Amino acid sequence: MAKISIVCVTGTREKLQMAAMFASVAAATGDEVSVFLSMNAITYFVKGRSDNAPVEGEMGELMGQKGVPPFKQLFQQAVELGDAQLLPCSMAMDLLKITKEDMDSEVGAPTGLTRFLSDAEGGQLLTF
Numbered sequence: 008m009a010k011i012s013i014v015c016v017t018g019t020r021e022k023l024q025m026a027a028m029f030a031s032v033a034a035a036t037g038d039e040v041s042v043f044l045s046m047n048a049i050t051y052f053v054k055g056r057s058d059n060a061p062v063e064g065e066m067g068e069l070m071g072q073k074g075v076p077p078f079k080q081l082f083q084q085a086v087e088l089g090d091a092q093l094l095p096c097s098m099a100m101d102l103l104k105i106t107k108e109d110m111d112s113e114v115g116a117p118t119g120l121t122r123f124l125s126d127a128e129g130g131q132l133l134t135f
């Protein structure tokens, strides 16, 4: 079993999708997965927020047209079916005046970057 830590700071569909695919596949195969949600990514995990992130190019358009499961669905599956955690950045939450109660149900406890990096030690770290 591997430990995979994903830092997700983007607000674009392609990068959110890739992070979600890494998280869901790794969790489904038994890896320990932690996803740190910060900067432009965190707002997509606020209750009621659309997962319609802006696209960067052709691939983002094609994913929407071809019915590729959206990134939020893949992140939810990673949490439900595997050993995955979605951890919102406490600093970003403070800046945006978001509380834990404002977040989607699959999102875990607010976490600081120092704690996240400490927990990620010894594993693979991916950034999107």
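Under this note's numbering, the sequence shown is numbered contiguously, ending at residue 135. Just so you know, even glycine gets a beta-carbon here, dropped at the ideal spot from N, CA and C. Being a predicted model, the structure only gives us computed values, none of them experimental.
With ALA26 and ASP90 assumed to form a contact (beta carbons below 8 Å), what rounded beta-carbon distance in angstroms separates them?
Contact flag wrong, Cβ pair sits at about 17 Å.
If VAL86 and GLU113 are in contact, beta carbons under 8 Å, what's the gap, nearest whole angstrom?
Indeed they touch by this definition, with Cβ atoms about 4 Å apart.
Take ALA9 and list the residues in its own chain whose beta-carbon comes closer than 6 Å to its own, dropping the five residues that flank it on each side.
Within the same chain, ALA9 has close Cβ partners ASP38.
Is it the case that the Cβ atoms of SER45 and ALA99 are separated by a distance below 8 Å?
The answer is yes: Cβ separation under 8 Å.
Under 8 Å, with one C-beta from each stretch per pair, do the segment 63–81 and the segment 17–24 reach the 3-pair mark?
Short answer: they touch.
When you compare each of PRO61, PRO95, LYS73 and PHE82 to ARG122 by their alpha carbons, which one comes out closest?
For the residues PRO61, PRO95, LYS73 and PHE82, the minimum Cα distance to ARG122 belongs to PRO95.
Grouping DSSP H, G and I as helix and E and B as strand, with all else coil, what is ASP58?
Three-state DSSP puts ASP58 in coil, outside helix and strand.
How many angstroms separate the CA atom of ASN47 from the CA atom of LEU102?
In this structure, the alpha-carbon of ASN47 lies about 12 Å from that of LEU102.
So the candidates are GLY129, GLN84 and ASP109; which of them puts its Cα closest to the Cα of THR36?
Measuring C-alpha to C-alpha distances from THR36 to each of GLY129, GLN84 and ASP109 identifies GLN84 as the nearest.
Using alpha carbons as the reference points, say which of MET66, ILE49 and SER41 lies closest to THR17.
When MET66, ILE49 and SER41 are compared, the shortest CA-CA separation from THR17 is found for ILE49.
Who are the Cβ neighbours of GLU128 in its own chain at under 6 Å, not counting the five residues just before and after it?
Cβ within range, chain order: n/a, list empty.
Compute the distance between the beta-carbons of GLY67 and ARG20, then report whether it is under 8 Å.
A contact, by the Cβ cut-off of 8 Å.
Starting from the C-beta of VAL62, find all residues in its chain whose C-beta is less than 6 Å away, skip the five residues before and the five after it, and write them out in chain order.
For VAL62, the CB contacts under 6 Å within the same chain, skipping 5 residues up- and downstream, are ARG20 and GLU68 in chain order.
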